[in-house]
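For reference, the structure is listed below as structure tokens.
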Amino acid sequence: MLNPLVEENVQADQDDPALLFTAAYNAFSGPVFGYLRARGVDDPEAVTQDVFLALYPKLATLHGGLQGAKTLLFSIAHARMVDHYRKRERTPEPTPYEADLDSRSAPSAEDQAVGALGVTELMEDLADDYREVLALRVVADLSVEETADIMGKSQGAVKQLQRRALNALRKKALGKRALQRNGTS
């Protein structure tokens, strides 16, 4: 039951939609929330707010004061609840991904490119500057200028470091292939 003072104030000032809205919100936000929650709407708080946002533009033409607002509020709430279930029927149920149960396996392109030659292991033995310049230039695909700024070196020094790093990497890769051909690892 509504507070008689609230009802009297709203009836007395029928021309002020803000007063009617405030009174309707104070009187019916809890019951609208409870209705939506009881009907299983996923986010009843958000939908309650949507219901009141839909009510506000209609207040200027609303008849019946607070009781009219109540009727309109619950018809809007009911429509939002129906919309919720219609949307839920059209949306497939999400299923969590469980990596342990997934028998499919395909290595990423990066893993294939790096792992095939053992580049990661080859790079471990390189000097820190060589690893850094290769990581920035080749892996991160940064320009010579960007790499020079990050490393605090001149562009010429970065080009020279990259050339030396690639040569060292090439020698190690050729040495590893030769060992693999001969049957030792």
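Residues in the sequence shown are numbered consecutively from 398, following my numbering.
We put the CB at the ideal spot given by N, CA and C, even for glycine.
Computed from a predicted structure; not experimentally measured.
Cβ of residue i within 9 angstroms of Cβ of residue j?
i	j	result
Leu-533	Met-548	yes
Gln-552	Ala-562	no
Ala-420	Ala-466	yes
Val-438	Phe-471	no
Whole angstroms are fine: how far does the CA of residue j sit from the CA of residue i?
i	j	result
Thr-458	Leu-450	15 angstroms
His-460	Gly-427	22 angstroms
Leu-498	Lys-550	49 angstroms
Leu-566	Asp-522	9 angstroms
Leu-417	Val-448	15 angstroms
Gly-431	Glu-495	35 angstroms
Pro-414	Gln-464	14 angstroms
Lys-484	Pro-491	14 angstroms
Given that a residue counts as buried once 16 or more other Cβ atoms are within 10 Å of its Cβ, and exposed if not, what is residue i?
i	result
Val-479	exposed
Thr-445	buried
Report all residues from its chain with a CB closer than 7 angstroms to the CB of residue i; omit the five preceding and five following residues, and keep chain order.
i	result
Lys-455	Leu-469
Leu-558	Asp-526, Tyr-527, Val-530
Phe-425	Lys-467, Leu-470
Return the Cβ separation of residue i and residue j in integer angstroms, given the expectation that the two are a contact with Cβ distance under 8 angstroms.
i	j	result
Lys-556	Val-541	6 angstroms
Leu-452	Pro-441	About 16 angstroms; that fails the 8 angstroms criterion.
Keeping to the same chain, check which residues put their C-beta closer than 6 angstroms to that of residue i; ignore five residues upstream and five downstream.
i	result
Lys-569	Leu-519
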